[in-house]
Amino acid sequence: MRAISVLSDLILPLVIVYILSCGYSKKINVYEVFIEGAKEGFKIVMDILPTLIGLMMAVGILRSGGTLELISRAVSPIVRRIGFPPEAVPISLMRLVSSSASTGILLDIFKNYGPDSFIGRFVSVMMSCTETVFYTMSVYFMSVKVTKTRYTLAGALAANVAGIAASLTLCQYLWG
Amino acid sequence: MLNYLWGAMIFIGILVAAFTGNMAEVTNGAVNSAKEAVTVCITMLGVMSMWTGIMKIGEEAGIIRSMSKGLRPLLKWLFPSVPEDHRAMDHIATNVIANFLGLGWAATPAGLMAMEELQSLNKHKERASNAMCMFMIFNMSSLQLVSINIIAYRTQYGSANPSEIIGPGIITTLVSTAAAIAFAKAAEAAS
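Going down the list, the sequences are from chains A and B.
The numbering used here puts the first residue of the first sequence at 118, with every later residue one more than the last.
The numbering used here puts the first residue of the second sequence at 21, with every later residue one more than the last.
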């Protein structure tokens, strides 16, 4: 448990030190390159903003109108049996379909339960180890016109379910 | 896909509100959430720009190239049907490393080129080859080491320790990736 928290504290500083050292050893003007990269980051966020407004508005409607609560309550008897938080069902499903829509639900969970609540921590970890399967698959396979994807979908879903199960187990162990 | 999904979310949300009598809250919910998206993005601007700035240094220093050398033995094992010096291997390595570092904009073009090269090795053009299935499943198991945007979101909502999820995130990412490899290898053996 301590090891995991040490890892959390160390990784960002270590990555920064490592990359800076690489930059200096290649005689790069690191400060200028940093500024250049930061500008790109600025542009990325600005590109995300309209999407996020649209999707957070939609999630806001789902939340305030009671739909999210309705879904949680409907699935609650089934998922509780395996110890899965019912409030996390909508985001787990959405995660497979759209990255920005699941981000909208993530922020909604942070707002309603707080990022340091059990559910807030669980969805944070869960979002870090899952991917938007359906979107990625269709883009990649469509680009080469492959129609028979065989066991790809099953494999990707299995990997994501494994990630979700691992997140739940680990979060229960750490913060349960 | 989002074209229909977005509309469905709004229609269903309003319909449910009408039945449960929460219509008055819907207006507030929509307006406040839209407003909140902007506040979140302001926090994101700082964290994201810091990260892309640091990563740009790594990119210029040739980190993707040097790390992909270390990845070779693993890729050889994952893609036995792809010749070792084939261009597909370079693109796969770039895609994996870029995903690993959270460089989404560098990962996607490399991934698409990897698919193209894999397709050139594929005998049945409509059917995904074993290498393609492995690449896609591996890719979709989430490879990103640090989800910097999640940390930014947690900061925005006042977490006492926004980065405490990095360690658990790395461990669970390892689990999902290991499951991906195990599944793809088993399916290969069965087919």
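Beta carbons are placed, not taken as given, at the ideal position from N, Cα and C, and that holds for glycine.
Put simply, the CB of residue 200 of chain A is far from chain B, with every gap to its CB atoms at 9 Å or more.
Within chain B, not a single residue places a beta-carbon under 8 Å from that of residue 235 of chain A; the smallest gap is close to 12 Å. Distance from the CA atom of residue 160 of chain B to the CA atom of residue 252 of chain A, rounded to whole angstroms, is 10 Å.
Residue range 186 to 210 is occupied by the alpha helix (DSSP H) that includes residue 208 of chain B. Looking at the DSSP output, residue 147 of chain B shares a beta bridge with A:265.
Between the alpha carbons of residue 137 of chain B and residue 178 of chain B lies a distance of about 46 Å. Residue 129 of chain A belongs to the set of residues whose beta carbon lies under 9 Å from a beta carbon in chain B. Counting along the chain, residue 230 of chain A sits inside the alpha helix (DSSP H) bounded by residues 216 to 230. Annotated three-state conformation of residue 63 of chain B is helix, per DSSP. The residues 172 and 211, in chain order, have a CB closer than 7 Å to that of residue 218 of chain A in the same chain once the five nearest residues on each side in sequence are set aside. Proximity of chain B to residue 283 of chain A at the Cβ level (cut-off 8 Å) is accounted for by 191, 192, 195 and 196, in chain order.
The shortest C-alpha to C-alpha distance from residue 244 of chain A to any of B:144, B:112, B:171 and B:143 is the one to B:171. Between the alpha carbons of residue 165 of chain A and residue 150 of chain A lies a distance of about 23 Å.
Within chain A, 248, 253, 257 and 273 have C-beta atoms less than 9 Å from the C-beta of residue 159 of chain B, given in sequence order.
Following the DSSP letters along the chain, one finds residue 139 of chain B inside the alpha helix (DSSP H) bounded by residues 124 to 141. Residue range 235 to 245 is occupied by the alpha helix (DSSP H) that includes residue 244 of chain A. Counting other Cβ atoms within 10 Å of its Cβ, residue 111 of chain B reaches 16 or more and is therefore classed as buried. Against residue 293 of chain A, chain B offers no close residue; the least beta-carbon distance is about 12 Å (beta-carbon pairs closer than 9 Å).
The DSSP assignment places complete alpha helix (DSSP H) segments of no fewer than 4 residues inside the stretch 152 to 223 of chain A at 184 to 197 and 206 to 214, in order along the chain. In the three-state reduction of the DSSP assignment, residue 178 of chain B falls in the coil class.
Residue 62 of chain B counts as exposed, since fewer than 16 other beta carbons sit within 10 angstroms of its beta carbon.
Restricting attention to A:206, A:286 and A:155, the CA atom closest to the CA of residue 186 of chain A is found in A:206. Interface with chain A (9 Å Cβ-Cβ cutoff): residue 109 of chain B is excluded.
A Cβ-Cβ contact shorter than 9 Å links residue 159 of chain A with residue 65 of chain B. For residue 147 of chain A, the residues of chain B that pass the 8 Å Cβ criterion are 77, in the order they occur in the chain.
Residue 83 of chain B: member of the alpha helix (DSSP H) spanning 83 to 98, first to last residue. Between the alpha carbons of residue 131 of chain A and residue 140 of chain A lies a gap of roughly 14 Å.
Residue range 119 to 142 is occupied by the alpha helix (DSSP H) that includes residue 130 of chain A. In this structure residue 184 of chain A is not in contact with residue 30 of chain B, their Cβ atoms being roughly 10 Å apart against a cut-off of 8 Å. About 4 Å separates the beta carbons of residue 284 of chain A and residue 242 of chain A, which is inside the 8 Å limit, making them a contact pair. Per DSSP, the unbroken alpha helix (DSSP H) holding residue 27 of chain B starts and ends at 22 to 40. The beta carbons of residue 250 of chain A and residue 152 of chain B sit about 15 Å from each other, so the pair does not count as a contact at 8 Å.
Within chain A, the C-beta atoms nearer than 8 Å to that of residue 81 of chain B come from 136, 139, 140, 142, 143 and 145, in chain order. Chain-ordered, the chain A residues with CB closer than 8 Å to the CB of residue 26 of chain B read 171, 172, 175 and 218. If the five residues before and after residue 156 of chain A are omitted, its C-beta is found closer than 6 Å to no C-beta atom of its own chain.
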